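Numbering (full-length UniProt numbering), first residue to last: 1 to 701. Backbone N, C-alpha and C define an ideal beta-carbon position, used for all residues, glycine too. In this text the structure is predicted, and so the values were computed from the model without any measurement.
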């Protein structure tokens with residue numbers, strides 16, 4: 001009962017702050033203002049101490065923005081975000097600040113325009129989940145039908161409930177429009193045939209239209225949906241539920257591309273309508289046979305249990321991103337918990353997957369939303385629905401594929417946030433090469449096979465005569481086995497001829513794991529893209545090598561079960577270290593000598609890498625030239641700050657209000673950049689810790 005009263009009190013306080021924030025936005029005043037605890041207590045007739053406690057709780061949870069001064073004022077973050085979606089507002093504002101100071105620094109929000117038909121990456125048929133493996137043939141056939149000029153290469157899509165047949169129809173439509181085969185305003189009309197299966201006459205009238213005499217004393221003729229969808233797509237969902245009379249007329253339409261309105265037998269009409277039908281019936285079902293034979297293109301979408309772990313990962317990322325975006329919450333999932341989602345059977349397919357993700361996020365929110373200083377909802381095994389966990393069974397082959405996937409990803413956590421300062425881009429960047437390449441079969445760790453068969457071959461391509469072949473011969477002689485192959489690009493050879501030789505060579509030497517290209521300079525550095533386009537053989541390219549580094553790469557290829565992605569990553573690290581950057585050497589020494597002995601929770605090298613990258617962004621915005629001095633101060637203090645926050649501790653800062661008012665813009669900039677650091681390590685960085693970081697930066701301004 002007491003908990004319910006507290007919850008109601010917090011809701012009332014938040015509502016009043018929301019109203020005050022909206023009043024500020026509706027007024028002409030630009031000066032930062034808000035509402036204070038005393039006024040809220042007076043309006044709600046509550047004890048001021050209780051109101052102050054609720055305000056501080058809402059502030060710690062990230063729902064409110066605090067304005068320094070006496071009295072302390074508050075604004076509602078969500079109300080500001082709705083008005084200015086592209087503006088970053090820090091958690092604490094200076095008392096004499098102006099809203100325009102923050103709004104002017106944000107990128108402008110473009111005025112709404114008419115929908116653009118060019119597909120976004122996530123809407124594209126080519127980048128649909130499964131397009132490179134499970135649905136590869138289906139996507140190829142769908143693209144062919146969508147591009148066919150006469151609009152009569154009709155498609156039948158079969159698959160169980162929830163596999164995404166409707167999504168695929170939408171992507172086919174978007175693709176056809178983007179390629180110009182359908183007009184920008186081409187119709188896409190959806191008909192659920194099951195809804196009218198009991199009324200044959202109504203379905204016939206709706207689909208084919210009717211004359212004045214045909215439809216229950218109608219005063220005028222009506223066009224049918226086939227005619228209304230002319231120049232576009234008519235999507236017939238659950239087409240097998242059509243009444244038999246409607247099926248017969250549809251078969252005539254599919255065979256002859258003509259139809260007649262009901263009651264208009266003397267007039268034959270030509271159809272310029274692209275028909276896509278779906279059914280949950282088995283492709284071999286006798287009831288579907290008459291229709292199936294008339295559709296030139298037949299596509300089957302399998303259940304999710306047949307999809308690869310990489311494809312399921314992409315679907316799960318989309319689902320968690322959607323939850324983060326719609327709720328305004330941030331979620332973090334360890335790779336161990338995420339792997340459980342990949343082992344589930346999902347009998348209801350996408351519907352089940354979406355439901356499990358939403359329930360899990362809700363349970364995590366319920367568990368953690370009341371905790372202080374928590375802005376990121378940590379998802380643990382206990383948050384997964386009980387019946388969902390009970391449906392999971394161990395499958396050695398699937399487990400091996402999941403382990404191989406996570407070896408390639410090299411991620412400890414998946415982090416999803418609703419803001420632009422999210423690690424979602426980092427996840428996407430790591431998955432891009434994996435999710436949109438041809439998926440190779442994953443060998444079980446216990447499977448037999450020679451060590452050499454797992455080697456990724458090395459193809460060296462260099463300008464000039466004989467350089468690449470000589471380097472390959474030296475490497476093979478040094479290692480005593482055939483690892484490297486050389487391919488020269490003399491100035492007298494046309495580039496097209498080189499491409500032909502390249503494909504022949506790759507086909508001859510490629511292993512199931514793919515091939516790694518070592519190219520000396522442009523235009524050879526993107527040849528791996530041409531290889532994958534023409535052969536579907538996984539490939540990648542490294543540049544900037546020396547003979548010594550090539551020898552090391554060749555030795556790495558012999559490591560058992562090393563994938564192409566792992567080899568490329570190791571090769572790039574080797575190239576960077578070969579460059580002998582003084583900064584890189586300095587940072588490595590900093591991590592080894594200063595951080596490693598004193599770190600308890602953190603990986604010092606990861607902390608150094610994240611903090612160094614963040615500092616570079618801060619210094620760039622402040623137009624400060626990086627130096628070893630500021631770098632070591634920032635990394636050393638930042639690493640130990642993260643250690644403190646992970647253990648639940650934080651340093652107090654004397655005179656915090658005065659300092660924040662004096663340096664509000666620097667504090668805001670630090671909060672903006674350090675939010676990414678907080679997401680990576682799962683902590684919320686309070687303003688008192690930001691003040692110490694600001695002290696490090698100030699002498700260099």
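Residue 643 sits in a helix when the DSSP states are folded into three classes. For residue 518, the uninterrupted beta strand (DSSP E) run begins and ends at 515 to 519, by DSSP.
For residue 317, no beta strand (DSSP E) segment is defined; the enclosing uninterrupted segment is the alpha helix (DSSP H) at 309 to 327.
Around the C-beta of residue 521, fewer than 16 other C-beta atoms lie within 10 Å, and the residue is accordingly described as exposed. In the three-state reduction of the DSSP assignment, residue 222 falls in the strand class.
Along the segment 496 to 543, the alpha helix (DSSP H) occurs as fully enclosed runs of 4 or more residues at 527 to 535, listed in sequence order. Counting along the chain, residue 356 sits inside the alpha helix (DSSP H) bounded by residues 350 to 368. Excluding five sequence positions before and after residue 278, the CB atoms of its chain that fall closer than 6 Å to its own CB belong to 157, 165, 237, given in chain order. Exclusion of the five residues before and after residue 475 leaves 483, 484, 550, 551, 554 as the residues of its chain whose Cβ lies within less than 7 Å of its Cβ. Residue state for residue 674 is assigned as helix, using DSSP reduced to three classes. With a contact defined as Cβ atoms closer than 8 Å, residue 516 and residue 527 miss out at about 12 Å. When DSSP assignments are scanned along the segment 175 to 256, the uninterrupted stretches of alpha helix (DSSP H) that are 4 or more residues long and fall wholly within it turn out to be 200 to 208, 225 to 228, 244 to 256. Contact between the segment 183 to 193 and the segment 332 to 340 is not established, with fewer than three Cβ pairs separated by less than 8 Å.
Of the residues 343, 246, 94, the one whose Cα lies closest to the Cα of residue 31 is 94. Secondary structure at residue 275: strand, using DSSP grouped into helix, strand and coil.
Along the segment 123 to 170, the beta strand (DSSP E) occurs as fully enclosed runs of 3 or more residues at 155 to 158, listed in sequence order. Annotated as proximal: residue 153 and residue 296, with beta-carbon spacing under 8 Å.
In the structure shown, the three-state DSSP call for residue 94 is coil.
In chain order, 34, 36, 67 place their CB closer than 6 Å to the CB of residue 73, counting only its own chain and leaving out the 5 sequence neighbours on each side.
Between residue 503 and residue 535, the alpha-carbon positions lie close to 8 Å from each other. One Cα belongs to residue 345, the other to residue 163, and the distance between them is close to 13 Å.
Within the same chain, and ignoring the five residues on either side of residue 359 in sequence, the residues whose Cβ sits closer than 6 Å to its Cβ are 385.
Counting only the Cα atoms, residue 612 lies some 14 Å from residue 625. Taking the CA atoms as reference points, residue 142 sits about 21 Å from residue 532. Shown here for residue 282: same chain residues with a beta carbon closer than 8 Å to its own, the five before and five after excluded, namely 158, 288 in chain order. Here residue 604 is not near residue 627, since their CB atoms are 8 Å or more apart. Contact check for residue 656 against residue 687 passes: the beta carbons are separated by less than 8 Å. The beta carbon of residue 294 lies closer than 7 Å to those of 251, 254, 255 in the same chain, with the five residues before and after it left out.
Spanning the alpha carbons of residue 390 and residue 304 requires a straight line of approximately 18 Å.
Cβ neighbours of residue 147 within its own chain (closer than 8 Å, five residues either side excluded): 176, 179, 181. Per DSSP, the continuous alpha helix (DSSP H) segment holding residue 469 begins and ends at 467 to 479. Taking 8 Å as the cut-off, the Cβ atoms of residue 225 and residue 207 count as close. For the pair residue 602 and residue 642, the CB atoms are nearer than the 8 Å cut-off.
By the Cβ test, the segment 46 to 61 is in contact with the segment 6 to 15, since at least three Cβ pairs between them sit closer than 8 Å.
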